[in-house]
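Going by my numbering, the sequence shown opens with residue 1, and the numbers climb by one from there.
Don't be surprised by glycine CBs; every beta carbon is placed ideally from N, CA and C.
If you're wondering where the values come from, they're calculated on a predicted model, not measured in any experiment.
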Amino acid sequence: MAKYRKLGRTSSQRKALLRNQVTALLNHGKIKTTDAKAKEIRKTAEKLIAMAVKEKDNYEEATIKVKVARKDKDGKRVKEVVDGKKVTVYDEVEKTIKKDKPSRLHARRQMLKVLYPVKDVPTAQAGRKKNTKEIDLVAKLFDEVAPKYENRNGGYTRIVKIGQRKGDAAMEVLIELV
């Protein structure tokens, strides 16, 4: 018996498809796809969520001093003239950061091997490059998804059958995070 479904694609196409669908599932919470694809997506997504649940609290907080550019009321950097050159003025600020322990760092890197980078484009100003922002899916897994499933032993996804697709009669399903 086969260990995975081939989905009628070459190995590189299949891996890219599954990575893309798992990324979309974790980003949006649910996606619509075929039954066979959903069963393959479920395997990968559940492994990532289990990893996040296991390593959720495995970090230490550290306080560091950081130089931050001073800004005016419009949000622009304040500049001073020093030796005839305009130089940005910096303030020293203390920040608290989360420092991953080795096992959590390893889990983070394993997740990054699977997940694609995601950009959020606001609908109001779509098409403008400066308004897009990068979503950190790994941080979302650790901070939002893992606490939700903390007391659950597996079964983080649900597959709901919708019906057959009109074009090729493939069984369509909705796969969602429980």
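Cβ-based burial, residue i [other Cβ within 10 Å; buried from 16]
i	result
Leu112	exposed
Lys37	buried
Lys164	Note that residue 164 corresponds to Gln in the displayed sequence, not to Lys. When all chains shown are included, Gln164 counts as exposed.
Ile97	exposed
Glu55	buried
Supposed contact pair residue j and residue i - C-beta distance, whole angstroms, cut 8 Å
i	j	result
Leu115	Thr23	5 Å
Thr34	Leu18	About 12 Å separates the two Cβ atoms, so there is no contact after all.
Lys65	Glu46	Actually they do not touch by this definition, with Cβ atoms about 41 Å apart.
Alpha-carbon spacing of residue i relative to residue j, whole angstroms
i	j	result
Asp158	Pro102	Note that residue 158 is Arg in the sequence shown, not Asp. Looking at the two C-alpha atoms, the distance is approximately 32 Å.
Gln21	Pro117	13 Å
Asp100	Leu48	17 Å
Leu105	Ala16	24 Å
Ser11	Arg42	18 Å
Lys30	Pro147	18 Å
Asp74	Glu150	43 Å
Lys3	Ala169	25 Å
Pair within 9 Å by beta-carbon distance, residue i and residue j
i	j	result
Thr63	Arg77	no
Val138	Leu177	no
Asp143	Thr132	no
Asp91	Arg70	yes
Cutoff 6 Å; reference residue i; Cβ partners in own chain excluding five residues on either side
i	result
Leu141	Ala52
Arg5	Ala36, Glu40
Close Cβ partners of residue i (< 7 Å) along its chain, the five nearest in sequence each way excluded
i	result
Met171	Thr34, Asp35, Lys161, Gln164
Asn153	none
Any non-hydrogen atom of the ligand HEM closer than 8 Å to residue i Cβ
i	result
Ala62	Within the structure as shown, the ligand HEM is missing, as the structure has no ligands at all.
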